Structures are given as C-alpha cells and as structure tokens.
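To start, the structure under review is shown below, and the notes come after it.
Residue numbers (this note's numbering): 357 to 746.
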C-alpha cells in the first residue's frame with residue numbers, strides 16, 4: 357500500500373467506513389512487518405536515528421554486532437548515546453551526528469572470545485516527510501580483514517620468492533667468475549712456483565671487479581627493501597625535471613633521442629625529496645632510452661589535475677607486453693639482458709613515500725607511458741586559488 361494513500365485516508369478519516377479503515381491499517385501493518393523482516397534478515401545492523409539522537413528504528417543484527425548498555429538496550433525510543441556501551445564507538449557516532457566530524461566509515465576492533473572482531477561503522481543521512489534521519493550501518497568485516505591479511509602474506513611470500521630467485525641469479529655469475537679465476541691463480545702458482553705482480557694482477561683485478569659487483573648488488577637490494585629516510589620539503593617538480601633534462605641531453609643526443617618537454621607554468625609547490633625523486637625519474641627515463649635503441653622521441657610533461665600534479669613520461673619505443681606490464685614493479689623482474697631489476701621497484705617505493713601514485717600503460721611497437729600523480733599540499737591549494745583570483 358502506498359504512503360500517499362495512507363496520507364489521503366488520514367486527511368479524511370471521518371469519511372471512511374470502520375471496516376475499510378481496519379482493512380487499510382491491517383495492510384499497512386503487514387507491509388511494515390515485511391520491511392522489518394527484510395531488514396532483520398540482513399547481516400549488517402541498521403540503527404536509524406532522528407535529529408535529537410533518539411533511535412527510531414534498530415534492526416535485529418545490531419545488538420549482536422556492537423556492545424550495548426544493558427540498562428537501556430539498543431531499541432526504539434532511547435538516545436543513541438545512552439544505548440552504546442563502547443566509549444570509542446559512542447564518541448565517534450555522537451561527533452558525527454553533532455557535525456563535529458565528517459560522516460566517514462571507521463573501523464573498530466572488539467575482543468570476541470579468543471579472537472578479535474572488526475566492525476565498520478558508516479552513515480547514510482536521508483529524509484522522510486522533511487524529517488532529517490541518519491542510518492548508522494554496522495558491518496562485520498572480520499572475514500574481509502582476515503582474507504586481506506592472508507592475501508598480503510601470500511603476496512609477500514611470492515615477492516620474497518622472486519627476490520630470492522633474483523638475488524641467486526645476480527650473485528651466481530660473479531661467484532662463478534671468482535671461482536674460475538681462483539682456480540687459474542692456483543694453477544699458475546703450481547706451474548710457476550711463484551708469480552710476479554703483473555701475472556698475479558691479471559687474476560686479482562678480476563676478483564676485485566667481481567667483489568665490487570657483489571657489493572653493488574647488496575647495496576641495490578638494501579636500498580630496495582630498507583625504509584627510506586625521505587625528507588619531504590616544498591619544492592618545484594618542474595625544476596627537478598628541467599635539471600634532469602639538462603643532465604640527460606648529451607646521452608640523448610648520442611643515442612639519437614629527442615627530448616620534448618611541455619611543463620605547465622605556475623604549478624604549485626609539492627612536498628618532495630629532490631634526491632629520491634630525481635633518481636626515480638632518472639630510472640624511468642633510462643628505461644625509456646633502453647626501449648629506443650635506434651633513437652626516438654621522449655616526451656616529458658607536467659600539469660595540474662585537481663589536487664594533484666601529474667608527471668607524464670612517454671616514449672615511442674618497443675613497448676612492454678601485457679604479461680610483463682603487470683610485473684614491472686616487482687623486485688628483480690627485468691626484461692633486460694643485464695641489470696638487477698630493482699630500478700622500477702625503487703621508483704614505485706619512492707612515489708609511495710611521497711604519498712603519490714604511479715601508473716603505466718604500453719603498447720607493443722608503439723611505446724610506453726609512465727604517469728606519476730603527486731598530491732598538492734592544502735596550503736598550496738589555497739595559495740593557488742588566491743593567485744588565480746588575483
């Protein structure tokens with residue numbers, strides 16, 4: 357039965373026969389029971405609260421999901437602040453209903469037997485007959501959290517396996533070369549009895565070189581896995597790119613690569629560590645150079661996109677196949693004949709340390725595009741708005 361019909365009946369109730377009125381009321385109660393049964397059957401809990409914080413509806417699952425005060429219970433007619441037992445949940449709900457905090461979903465952990473349950477509290481404001489109401493939804497996300505944890509552990513194990521395989525591959529050749537030259541050195545001693553400095557240096561120089569190689573592998577590995585001491589200071593990303601282009605111009609010229617830049621003027625400052633950001637951008641550009649062995653065009657651009665500065669680095673090289681594209685940020689994954697495969701892993705890590713995002717698209721035979729998005733600090737957003745107004 358529609359609510360419009362009920363309102364019409366209420367407006368002229370004295371004109372309705374008693375039997376018809378009883379029938380309409382019975383139908384309304386029946387429909388109300390259906391809606392309540394549907395809501396009570398939901399896994400999540402729903403508490404509808406009026407503007408004065410009184411509960412006007414509470415679903416069956418709610419009392420099971422969130423601790424309630426036994427003196428009041430969580431039921432229609434009581435104030436929400438009296439019914440909720442947990443101080444953290446109560447404080448957050450009251451802050452949101454009072455307009456002191458934004459109505460954003462928040463997770464709360466509760467002791468449940470020998471384990472921990474996690475509940476997500478979210479809000480949905482709405483109106484009924486011009487009366488403002490708020491639906492407080494409580495959802496048990498314990499299983500989701502556990503699944504995410506297992507997935508992260510699985511991904512971490514897979515990453516460690518890849519890294520272990522990469523390290524083993526990288527150190528295998530230097531160790532093999534060292535072993536061969538030690539054997540040659542031992543044979544030379546046996547055949548000659550002694551060696552002059554020049555003869556010994558033939559073998560020792562190779563050992564020195566391979567030791568340095570092993571050391572560089574260890575340094576790259578530690579750089580990739582250890583926490584970074586990033587110092588974020590307001591600065592210009594355009595300046596970093598301009599300096600990088602000047603630095604790379606001789607190499608680009610030798611490789612017959614043209615660098616084209618399109619840097620948007622008057623970009624706001626962003627919080628960056630220029631050392632790490634420069635190294636990350638250099639890694640991306642060096643990869644682009646490798647993808648254009650016969651020369652080509654490298655395009656570097658910046659622009660402001662809402663509250664983010666966007667850096668775009670595009671080459672017209674060989675491109676990356678779809679399978680490799682999904683793995684390029686993984687440690688020790690590389691399509692090159694040489695290299696540790698840590699360059700783009702470091703790039704990804706640096707961008708995340710800057711609270712940014714990085715995306716890559718590619719098409720075989722046409723080229724690759726790296727896109728980095730860095731957040732603009734709130735202070736700089738205000739400064740930019742003022743400048744535009746002026």
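Where is the CB? At the ideal position from N, CA and C, for every residue including glycine. None of these values were measured; they are calculated from a predicted model.
Rounded C-alpha distance that separates residue i from residue j
i	j	result
residue 736	residue 706	22 Å
residue 627	residue 729	12 Å
residue 475	residue 495	6 Å
residue 733	residue 663	8 Å
residue 453	residue 646	57 Å
residue 625	residue 592	5 Å
residue 744	residue 622	Bear in mind that the predicted position of residue 744 carries a pLDDT of just 48, short of 50, making it unreliable; the figure below should be weighed with that in mind. In a straight line, the C-alpha of residue 744 is about 10 Å away from that of residue 622.
residue 586	residue 708	11 Å
residue 594	residue 458	35 Å
residue 711	residue 704	11 Å
residue 374	residue 388	21 Å
residue 699	residue 471	41 Å
residue 589	residue 731	13 Å
residue 599	residue 572	26 Å
residue 416	residue 376	32 Å
residue 480	residue 385	26 Å
residue 565	residue 643	25 Å
residue 507	residue 499	12 Å
residue 403	residue 380	28 Å
residue 551	residue 538	14 Å
residue 547	residue 555	13 Å
residue 392	residue 717	49 Å
residue 655	residue 614	8 Å
residue 437	residue 407	13 Å
residue 482	residue 405	10 Å
residue 683	residue 612	29 Å
residue 302	residue 441	Any answer about residue 302 is impossible in this case: the structure gives the chain only from 357 up to 746.
Collapsed DSSP secondary structure at residue i in the structure displayed
i	result
residue 475	strand
residue 609	helix
residue 729	strand
residue 735	helix
residue 674	coil
residue 587	coil
residue 379	helix
residue 553	helix
residue 436	helix
residue 720	coil
residue 713	strand
residue 619	strand
residue 531	helix
residue 520	helix
residue 373	coil
residue 457	coil
residue 655	strand
residue 629	coil
residue 647	coil
residue 400	coil
residue 486	coil
residue 431	coil
residue 464	strand
residue 603	helix
residue 441	coil
residue 684	coil
residue 408	coil
Candidates the options, of which the one nearest residue i by Cα
i	options	result
residue 747	383, 566 and 490	No answer is possible for residue 747: it lies beyond the span of the chain, which begins at 357 and ends at 746.
residue 399	386, 418, 656 and 411	418
residue 596	629, 525 and 572	629
residue 653	661, 616, 633 and 526	616
residue 618	445, 455, 658 and 436	658
residue 632	447, 612, 584 and 422	584
residue 433	445, 410, 449 and 442	410
residue 443	609, 424, 484 and 651	424
residue 451	577, 525 and 478	478
residue 412	541, 421 and 430	430
residue 536	524, 465 and 560	560
residue 464	422, 486, 488 and 439	422
Evaluate contact between the stretch 489-505 and the stretch 528-544, counting only Cβ atoms and requiring at least three cross-stretch pairs below 8 Å.
The stretch 528-544 and the stretch 489-505 do not touch, with fewer than three beta-carbon pairs separated by less than 8 Å.
Count the C-beta pairs between the stretch 663-683 and the stretch 628-644 that are closer than 8 Å, then say yes if the count reaches three, no if not.
At 8 Å Cβ cutoff, the stretches touch.
Stretch-stretch touch, CB-based, cutoff 8 Å, three pairs: the stretch 601-608 with the stretch 711-727:
Counting Cβ pairs under 8 Å, fewer than three are found: no touch.
Segment contact, 8 Å Cβ cut-off, at least three pairs: the stretch 709-725 with the stretch 673-683:
In the pairwise beta carbon analysis, the stretch 709-725 is classified as touching the stretch 673-683: at least three pairs are separated by under 8 Å.
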